[in-house]
Each structure stands twice: as structure tokens, then as C-alpha cells.
Amino acid sequence: MSKRWNNVIDPDDIVAQLGADTLRLYLAFIGPYNEPGSYPWNPDGVAGVRRFLERTWRLQDKIVDDRRNSFSRPGPGETVSPEGRPEIERELHKMIKKVGEDCAELKFNTAIAAMMTFLNTAEGRGLTKQQYVTLVRLLAPFAPHITEELWASFAKASKAKHAKNSVHLQPWPKYDKKKLVSDTVKIIIQINGKMRGEAQVPASADKEAVEAAARAVVADRLAGENVARVIIVPGRLINFVTLTIKKQIV
931 MSKRWNNVID
941 PDDIVAQLGA
951 DTLRLYLAFI
961 GPYNEPGSYP
971 WNPDGVAGVR
981 RFLERTWRLQ
991 DKIVDDRRNS
1001 FSRPGPGETV
1011 SPEGRPEIER
1021 ELHKMIKKVG
1031 EDCAELKFNT
1041 AIAAMMTFLN
1051 TAEGRGLTKQ
1061 QYVTLVRLLA
1071 PFAPHITEEL
1081 WASFAKASKA
1091 KHAKNSVHLQ
1101 PWPKYDKKKL
1111 VSDTVKIIIQ
1121 INGKMRGEAQ
1131 VPASADKEAV
1141 EAAARAVVAD
1151 RLAGENVARV
1161 IIVPGRLINF
1171 VTLTIKKQIV
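Going by our numbering, the first residue of the sequence shown is number 931, and it counts up by one from there.
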């Protein structure tokens, strides 16, 4: 791309077509600022950033809390607390940590990627208003115009004095270390070294509890088999070695 060859991209055209926030966000997302390199202009990438902003705008329709729960109703025995579902709250604090650390190192592209990842999770499960406005505050430096409009729409209904100010005058979100730790872990279930399923178990579960949960998942595959050995890698996997395989090894 060069003036000499008259093939430069006119930013005014992009702003007129897709908006200033789209252009600003794409330039931050195109590559790391702290690493030298040539990053070619990609029209598909610009369109993808635009879709991300549109999805972020529509996400306000998926807010759930105790007063408004039209998007995602609680499952059996589950309630929607002011903090929302634990997994969404955990992903929120992981995002806050990631965006803050990456911005400090001028890694804007990975900071934006973290927000995109959170958006994918929140779209499918819903989130509280507080979680949504936290996303808006993190996005504000990259997309100042759309976030100001979103913040203003929520500020009208807020009784907090600070909410009446611009989103760009709000304090930067802080993450809670305690909320970064998951209460459950995913265990890969193997039979003779081949993956046969997965199980979610409490992070504090002992080996007996892990084995019981795994056996319940692959009960049909273990039917009629003699399990000679059970290998457990805490927090990662469990492998059932059947007697047939063990005889072959011997």
C-alpha cells in the first residue's frame, strides 16, 4: 500500500461507511503495537470488528437479573443472584485481568480478543447489568462513541452520582483474585488411553469422588470389562486400564 501506487485506504471512507469506532478498534486489533511488523489491510477484518460492536450493542437485550429475567431463566434449583451465574462472573474477572495487563503492555489486539471471547460466552448465557457495564467500561478506550451512548442509556436509570458522568471518567474495573478460581474442573475420561468422555467435578474432589463421577459417565463402555488399574492425574484426567489391555502389555 503506497501513495505512489495510489492504492491507499482513505480513512474518511471507512468512517463514513462503518463509523469511527470500527476504524479505531480495527487498527488496535490488527496487530501488537509493541512488535514491529507490516499488517496488511483486511476488509474482512474490518467487517468482523463492526459485527463485534453490533453484537456488543445487542447484548444489552440479554441482561438478566432478579427484576428482569426474560432472556435466560434459571435451571432447576438455581437462582439469578446480583452477580449472575458463577461461570459468567468468573469469565468477567478473567477478562478484566487480561485486558488490564495487555493494555499496560500495549498488546491491544489480545485485549480486544479477550473481550470478544467474553462476548461469545455472555451471548449464550446472559449476564447482569453490572457485568454488562463493566464490559462497556473496558471497551471505552477502543470504541469511545458507542460506549458513551451505552453508558448514557444506563446512567439515566441509575441513582449513583458517578454514573451521570461520562464513561471515560469512570474508574478502571478491578478484578477479584478469588473469582478467578473455578469451583469445578473438567476431567478427561480415558479407557486404555483413548478419550471416552468428560466429567465436571468439584475442584476439591478426592480421587474416590473423581473415579465415581467418571465411572458414571462411561458406565456403558466399562460394562463387562475388568478394570485392572485406574490412573488419575489430579485436575486433568482419569484413565481406566482394562484387564485385557494389561495382559497384552505383559
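Cβ atoms here follow ideal geometry from the backbone N, Cα and C, with glycine treated the same way.
Please determine, among the options, the residue with the shortest C-alpha to C-alpha distance to residue i.
i, options, result
"K1124", "F1084, I1161 and G1056", "I1161"
"K1059", "L1080, L948 and A1073", "L1080"
"L1173", "K1028, V1157, A1052 and G961", "V1157"
"L1099", "D943, R1067 and A1135", "R1067"
"R980", "R954, K992, N964 and P966", "R954"
"T1077", "N1050, I1018 and L989", "L989"
"K1107", "F982, I939, R1020 and I993", "R1020"
"Q1120", "E1053, P1101, G961 and A1149", "A1149"
"M1046", "L1069, K1027 and K1037", "L1069"
"V1163", "A946, K1137, A1142 and A1153", "K1137"
"L1022", "I1042, A1041 and L1065", "L1065"
"R1126", "E1035, V1171, N1050 and Q1061", "V1171"
"M1025", "P1071, P1103, G949 and W971", "P1103"
"L983", "T952, W971 and K992", "T952"
"P966", "L948, C1033, D943 and K1037", "K1037"
"E1053", "V1131, I993, I1042 and L1152", "I993"
"R1166", "E1141, A1093 and T1051", "E1141"
"R1151", "H1075, N1122 and L1057", "N1122"
"Y1105", "Q1061, S1096 and R1145", "Q1061"
"P962", "A1041, E1017 and A950", "A1041"
What residue does the alpha helix (DSSP H) around residue i start on, and which one ends it?
i, result
"E1019", "P1016 to A1034"
"K1059", "K1059 to L1069"
"P1050", "Looking at the sequence shown, residue 1050 is not Pro but Asn. First-last of the alpha helix (DSSP H) with N1050: F1038 to R1055."
"Q1100", "Where Q1100 is concerned, there is no enclosing alpha helix (DSSP H), given that its DSSP letter is neither H nor E."
"A1135", "No alpha helix (DSSP H) contains A1135, which DSSP labels as neither H nor E."
"V976", "P973 to R988"
"D951", "A950 to F959"
Measuring from the CB of residue i, is there a heavy atom of the ligand HEM at a distance below 7 Å?
i, result
"K1059", "By its list of ligands, the structure shown contains no ligand whatsoever, and the ligand HEM lies outside what it can speak to."
The beta strand (DSSP E) with residue i in it runs from where to where?
i, result
"T1077", "Not the beta strand (DSSP E): T1077 falls in the alpha helix (DSSP H), residues P1074 to A1085."
"R1159", "V1157 to V1163"
Which residues share a DSSP beta bridge with residue i?
i, result
"T1172", "V1157"
"A1129", "I1117"
"I993", "L1057"
"L1152", "Per DSSP, none; premise fails for L1152."
"L1167", "I1118 and V1163"
"K1124", "I1121"
Task: the region 943–957 / the region 970–986 touching (three or more Cβ pairs under 8 Å) - done: With a cut-off of 8 Å, the region 970–986 and the region 943–957 count as touching, because enough Cβ pairs lie within range.
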